[in-house]
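**Q**
Numbering (the numbering used here), first residue to last: 68 to 418.
1. For the segment 197-212 against the segment 157-165, are there 3 or more C-beta pairs whose distance is under 8 Å?
2. State the DSSP-derived secondary structure class of residue 392, mapped to helix, strand or coil.
3. Looking at the secondary structure, which residues open and close the beta strand (DSSP E) in which residue 258 lies?
4. Touch check for the segment 228-239 and the segment 256-264: three-plus C-beta pairs under 8 Å?
5. Please classify residue 322 as buried or exposed, where buried requires at least 16 other C-beta atoms within 10 Å of its C-beta.
6. Using DSSP with H/G/I as helix, E/B as strand and the rest coil, what is residue 196?
7. Using the Cβ count rule (16 or more neighbours within 10 Å means buried), how would you classify residue 154?
8. Express the C-alpha separation of residue 85 and residue 241 in angstroms, rounding to a whole number.
9. Which residue marks the beginning of the beta strand (DSSP E) containing residue 280, and which one marks its end?
10. Answer with buried or exposed for residue 57, where buried requires no fewer than 16 other C-beta atoms within 10 angstroms of its C-beta.
11. Bridge partners for residue 311 per DSSP, in chain order?
12. Which runs of the beta strand (DSSP E) fall wholly inside the segment 113-158 and span at least 3 residues, in chain order?
13. Determine, using beta carbons only, whether residue 187 and residue 197 come nearer to each other than 8 Å.
14. Based on DSSP bridge pairs, tell me the residues matched to residue 355.
15. Could you give the DSSP three-state label for residue 414: helix, strand or coil?
Printed below as a string of structure tokens:
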């Protein structure tokens, strides 16, 4: 007999200013409700009220779901989805599974199974991608929007805000880079230049009005490649003139860190320009990159009387919580079979 699981969803994280919810109740179709591996859906009381300004409890109960307080949900669920857990494991049964983002945890306990959303992959759009790959696009968009909104308040004279004919450079053109590029254009940035490892001819999903150029990493620095075979460091070619830089290059096993701004070239950056870092991996992109908190995402980086603004917030999509939650919900429920495969190890859960 096939084992069935109680699947619980925490409404939102207990961390300050975290507003995202993992499920939009309208995505919970009859097919998902009657999934052969799910015994019951359990939702935290007042589900979605922090995100959508009203609770979905009435709708969820009408669909046949349980709605319980947080502790009861954690006690009863075999699988719990909590986007950014804080202490959920303390109330979960040994052997149960917690799914979420855990990059903020130093040493997760061992008595339950942790499934990191960043490590769950699916086949989508003809290639392997993260289960929440669309969330990366949202992170790119929101990183730009959040940063420029914060700078309007913190430093309206920053060239990222006040410069006429602003130049933005996007380093990488995956989902994060595409999202950032779209938002830069919608924010009215006059010149946007995108660098990727592909030749511009091979770049897909190009946007009108954007320049596409090629870069490569070599011997501790990143270079622009020119058609005649020459190459020059990005910091000399364009980054020193940029009002906005977006680090959208995800590290790989082969290349775990890139350097776009060498330590001895920090002074070449425009004073009070902004470096937006949705990747926020310490030391990746520049020596000053690190995680910043949602409560204070944009910070001033100062070195020897030279300063720039930096955003390394590890929850950039939270800037637009409704949009981000809708995207997350689509990803989780569209690929519910893959999610359950990761829990059970069964490659045939959808049959």
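Where a beta carbon is used, it is the ideal one built from N, C-alpha and C, also for glycine.
**A** In short, the structure shows the following:
1. no
2. The residue you call residue 392 lines up with position 325 of the chain shown. If DSSP states are grouped into helix, strand and coil, residue 392 belongs with the helices.
3. Along the chain shown, read from residue 1 onward, the residue named residue 258 stands at position 191. Note, residue 258: beta strand (DSSP E), 258-263.
4. Contact between the segment 228-239 and the segment 256-264 is present: three or more C-beta pairs spanning the two stretches fall below 8 Å.
5. As a first step, residue 322 must be located in the chain shown, where it is residue number 255. Answer is exposed; the Cβ neighbour count stays below 16.
6. Indexing the chain shown from 1 puts residue 196 at position 129. Reduced to three states, the DSSP call for residue 196 is strand.
7. The residue given as residue 154 occupies position 87 in the chain shown. When all chains shown are included, residue 154 counts as exposed.
8. On the chain shown, position 174 is the one that residue 241 refers to. On the chain shown, position 18 is the one that residue 85 refers to. Cα to Cα, the separation comes out at about 25 Å.
9. Numbered from its first residue, the chain shown carries residue 280 at position 213. Taken as a continuous stretch (DSSP letters only), the beta strand (DSSP E) holding residue 280 covers 277-285.
10. Lying before the first or after the last residue shown, residue 57 is absent from the chain, which here runs from 68 to 418.
11. For this step, residue 311 is matched to residue 244 along the chain shown. Answer is 235 and 341.
12. 133-135 and 146-148
13. Here residue 187 refers to the residue found at position 120 of the chain shown. Here residue 197 refers to the residue found at position 130 of the chain shown. For residue 187 and residue 197, yes; Cβs fall inside 8 Å.
14. Along the chain shown, one-based indexing puts residue 355 at 288. None; residue 355 has no bridge partner.
15. Locating residue 414 in the chain shown gives position 347, counting from the first residue. With a pLDDT of only 43 at residue 414, under 50, the local geometry of the prediction cannot be trusted, and the value read off the model is given with reservation. The DSSP-derived three-state label of residue 414 is coil.
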